[in-house]
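What follows is a short report on a single structure.
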Amino acid sequence: MHSKRFIVALITLPLLYLYVTVLSPVYFLFLLVFITALAQWEFNSMYRLNTKISVISIIIGILLISFPYFYKDASCHPLINMGLHMIVLILGFIVLTTFRLFYIKNPESSLKDLSPAIVGITYVPTLMLPQLYLRMLGSEWIILLYGCVWASDSLAYYIGKSLGERKLYYEVSPNKTMEGAIGSLVGGILSALLISWLLGIFQREIFADYMGLLKIALLGLSIGFVTIIGDLVESMFKRDANIKDSGMLVPGHGGFLDKLDGSLFAGPALYLFLLILL
3 MHSKRFIVAL ITLPLLYLYV TVLSPVYFLF LLVFITALAQ WEFNSMYRLN TKISVISIII
63 GILLISFPYF YKDASCHPLI NMGLHMIVLI LGFIVLTTFR LFYIKNPESS LKDLSPAIVG
123 ITYVPTLMLP QLYLRMLGSE WIILLYGCVW ASDSLAYYIG KSLGERKLYY EVSPNKTMEG
183 AIGSLVGGIL SALLISWLLG IFQREIFADY MGLLKIALLG LSIGFVTIIG DLVESMFKRD
243 ANIKDSGMLV PGHGGFLDKL DGSLFAGPAL YLFLLILL
């Protein structure tokens, strides 16, 4: 298991670096749409959602991410595109409920049929959307995001395995420990400082003052913290669905959703952090 995790990281992180730094943001959008659709499909499959309802919800998720990009000429400010996001969500809700109304004529279990689709749209594409805005702000923020999430997740895993004794949240995730959670926080801070130094983020105006080091450390701490939350939230969904992994597409990591759990919460946290500073 350890070797698989290392090999996957050894392959995916350099590829992500090249993909993000060499190609324009529109190519990152394509990657984001592809990964989001797969993760959303895994989430829908966890709850054995009706196939047609699942496909409709995934199309809504794709539109949610991609439509504002092309319509608003790739603006990275959330207030500009918020109206478009709301339009897609509202129309998507109308389409989903109308389809359920006429496709499955039995009104019983209608809420059970629709709830996973609606939660899935909120949980996956809506939380992935800020990563597109981060890429528009600069490729370095995507590298920082995934570098910190990977470091937090890895340090939490190895410290938890070697030193973990006290359970973090046994009812949701029996294997996670307090020691592992501390490792996630430390991993977030150290990786944020290292990556910021390597990518020259410290030279940015918002980090160039005497508080720059503290800001980056706080940013890393925040990513480490929300990575834990994201992991626990996905564990909550998996226990509710009575499954161990969301899928088997990524060796050593389960499904795409298993790999994205931390970044689903870390992306919005990083983007909000930058909005406050900018």
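Okay, so the sequence shown: first residue is 3 according to our numbering, each after it adds one. Ideal Cβ placement from N, Cα and C applies to all residues, glycine included. Note that the coordinates shown come from a computational prediction; the quantities given were computed from them, not determined experimentally.
Requested in this report: With DSSP collapsed to three states, give me the class of A76.
Outcome: To locate residue 76, count along the sequence shown from 1; it is residue 74. At A76, the pLDDT of 48 sits below 50, so the modelled position is not reliable and the matter cannot be decided from this model.
Query raised in the report: Are three or more beta carbon pairs between the stretch 13 to 31 and the stretch 103 to 111 nearer than 8 Å?
Result: no
Query raised in the report: What three-state label does DSSP hand K178 in the structure shown?
Result: Working through the sequence shown from its first residue, we reach residue 178 at position 176. In this structure, K178 counts as strand in the three-state DSSP scheme.
Query - Span of the beta strand (DSSP E), counted from its first residue to its last, around L25 - result: Here residue 25 is taken as the residue at index 23 of the sequence shown, counted from 1. Looking at the DSSP string, L25 is not in any beta strand (DSSP E), and its letter there is neither H nor E.
Requested in this report: Count the other CB atoms, across all protein chains shown, that sit within 10 Å of the CB of G202; report buried if there are 16 or more and exposed otherwise.
Outcome: By one-based count along the sequence shown, residue 202 stands at place 200. Per the 10 Å Cβ criterion, exposed.
Requested in this report: Apply the 10 Å Cβ neighbour rule to N177 and answer buried if 16 or more other Cβ atoms are within range, or exposed otherwise.
Outcome: Residue 177 sits at position 175 when you count from the first residue of the sequence shown. Its Cβ having fewer than 16 others within 10 Å, N177 is exposed.
Report task. Could you tell me if R137 is buried or exposed, where buried requires 16 or more neighbouring beta carbons within 10 angstroms of its beta carbon? Result -> Taking the first residue of the sequence shown as 1, we reach residue 137 at position 135. Burial call: buried.
Query - Below-7 Å beta-carbon distance, D260 vs any chain B residue - result: The structure shown contains no chain B; it is built from a single protein chain.
**Report entry** For I58 and F101, believed in contact at Cβ under 8 Å, the rounded distance
**Finding:** Within the sequence shown, the letter at position 99 stands for residue 101. Within the sequence shown, the letter at position 56 stands for residue 58. 6 Å between Cβ atoms; contact.
Requested in this report: Rank G149, I123, Y159, G257 by C-alpha distance to the C-alpha of L272 and give the top, closest one.
Outcome: On the sequence shown, residue 272 is found 270 positions in, with the first residue counted as 1. L272 has its Cα closest to that of G149, out of G149, I123, Y159, G257.
Report task. State the CB to CB distance for the pair S186 and A219, rounded to an integer number of angstroms; the pair is presumed to be in contact (CB under 8 Å). Result -> If you number the sequence shown from 1, residue 186 lands on position 184. If you number the sequence shown from 1, residue 219 lands on position 217. Incorrect: roughly 15 Å between the Cβ atoms, too far for contact.
Requested in this report: Determine contact between the stretch 116 to 130 and the stretch 36 to 54, defined as no fewer than three beta-carbon pairs at a distance below 8 Å.
Outcome: The stretch 116 to 130 is in contact with the stretch 36 to 54.
Query raised in the report: DSSP three-state call for Y171: helix, strand or coil?
Result: Taking the sequence shown and counting its residues from 1, the one referred to as residue 171 is at position 169. Y171: strand per DSSP, three-state reduction.
Report task. Alpha carbon to alpha carbon, how far is I145 from M130? Give it in angstroms, no decimals. Result -> Taking the sequence shown and counting its residues from 1, the one referred to as residue 130 is at position 128. Taking the sequence shown and counting its residues from 1, the one referred to as residue 145 is at position 143. Those two C-alpha atoms are separated by around 15 Å.
Query raised in the report: Relative to the alpha-carbon of R50, which residue among D242, M238, L165 has its alpha-carbon at the smallest distance?
Result: In the sequence shown, counting from the first residue as 1, residue 50 sits at position 48. Nearest of D242, M238, L165 to R50, Cα basis: D242.
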